[in-house]
Amino acid sequence: MVMWKKWLWISIIVLIGLFLVPYSLPLIFAFITAVMLEGLVQWQMTKLRFNRLQSVIIVFMSYVLLISVIGYYLISIIAQQTVALSGKTPNFMKGFYVSVIRPLIRKWEFYSKNLPKDVIVSIEKTLENSINSLDTFLHGVIQNTVNLLTAIPGFLIEFLIYLIALFLISLELPRLKAKVEIHLKEQTKRRVYLVANQLYRAGIGFIKAQIILSLLTFFMAFIGLSILRVPYTALLALLIVIVDILPILGTGSVLVPWAVIAILQNNQFLGIGLIVLFLVITVVRRIIEPKVYSTSLGISPLAALISLYIGFKLLGVVGVILGPALVIVFDTLKRANIIKMKFKI
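Reading the sequence shown from the start, the letters are residues 4 to 348 in our numbering.
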């Protein structure tokens, strides 16, 4: 009966925790960041003989300064190139109408004279549906932009909460650790430390892998767009990287439609160049991804390749992240002897 009650309470706590996760993301990210920065705090306390408060303040201020500098330069580059790009948007739309839309209208007027009425009605319905789809898409883009702008104040508040929580958690981390250890048996404690240590290393490795792949994509896109003499290369390369990171989307979401528009505008050099760039980025990433993940996450290249492939086939781009993550969690639990695989056939 006692065991039954214990597992009941554990289940209730887990369910409450899962329910609160969406509302506690700033605190969760603050805790993860504090754990990641703990090594620097401990190093200063050991090597430089600082007390914990001094070490936490120095590491915290250095971290805030780093993300502030990176954020400032990113926002400056994006703002400058966005303003310059928006100034040329009307000319681009006018040129697109003159070089693509108007010739299509003339061809339609010429060929429609000799087509049966049923065919004309069918084509007109298709065009109407396409226009409606485009209108819906543009309205969605505008609405998402408005939602993004209105979400900025809320994001700033959550970011402030994240920073405050990061400082306080960093300061209280040893006490939090001690409070958790009180409720753990010695064997459970060793297993928890092993799992936490492995997952911590895997988390750092995953972030490292994503940074390497994002930098690789950025430089390939930047060099490719520079060769194609495309203006605003830094902004567009950054946009490609951001879209590539997002679930479901990929580099093709930017490069392929852009290539189609360029070809319709009779700019075959740019259109074919963008398609080649898309193929190069895709092939290079597919070749390098297993090696990067295996090196950064501590799993074999074969396991990384299989997890990436199966994850992609089952869940698409999201599976590329979840596949290796599940392999790491399984391997970690097996090492901690939580999952036992001792059998023979």
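Even glycine gets a Cβ: it sits at the ideal position worked out from N, Cα and C.
- Between Phe63 and Leu169, the beta carbon gap of about 7 Å places them in contact (Cβ cut-off 8 Å).
- The stretch 230-239 and the stretch 273-282 touch, with three or more beta-carbon pairs separated by less than 8 Å.
- Taking a contact to require three or more Cβ pairs closer than 8 Å, the stretch 162-176 and the stretch 54-61 qualify as touching.
- The stretch 206-225 makes contact with the stretch 236-248, as at least three CB pairs between them are under 8 Å.
- With contacts defined as CB atoms closer than 7 Å, Ala212 and Tyr312 fail to qualify as a contacting pair.
- In the DSSP assignment, Lys211 falls within the alpha helix (DSSP H) that extends over 189-230.
- The Cβ atoms of Ile331 and Ala205 sit closer than 7 Å to each other.
- In the structure shown, Gln271 adopts helical secondary structure according to DSSP, grouped into three states.
- Contact between Gly208 and Ser310 is absent: CB atoms are separated by about 14 Å, not below the 8 Å threshold.
- The straight-line gap separating the alpha-carbon atoms of Thr254 and Phe315 is approximately 15 Å.
- Excluding its 5 nearest sequence neighbours in each direction, Thr191 has no C-beta neighbour in its own chain below 6 Å.
- Leaving aside the five residues that flank Leu51 on each side, none in its chain has a CB nearer than 6 Å to its CB.
- DSSP places Thr36 inside the alpha helix (DSSP H), whose first and last residues are 28-50.
- With a beta-carbon spacing of about 6 Å, Leu202 and Thr335 fall inside the 8 Å limit used to define contacts.
- Tyr312 carries a helical assignment under DSSP once its states are collapsed to helix, strand and coil.
- With respect to Ile210, Ala33 sits apart: the two C-beta atoms are not nearer than 7 Å.
- According to the DSSP assignment, Val244 belongs to the alpha helix (DSSP H) that extends over 236-248.
- DSSP, reduced to helix, strand and coil, places Thr129 within a helical segment of the structure shown.
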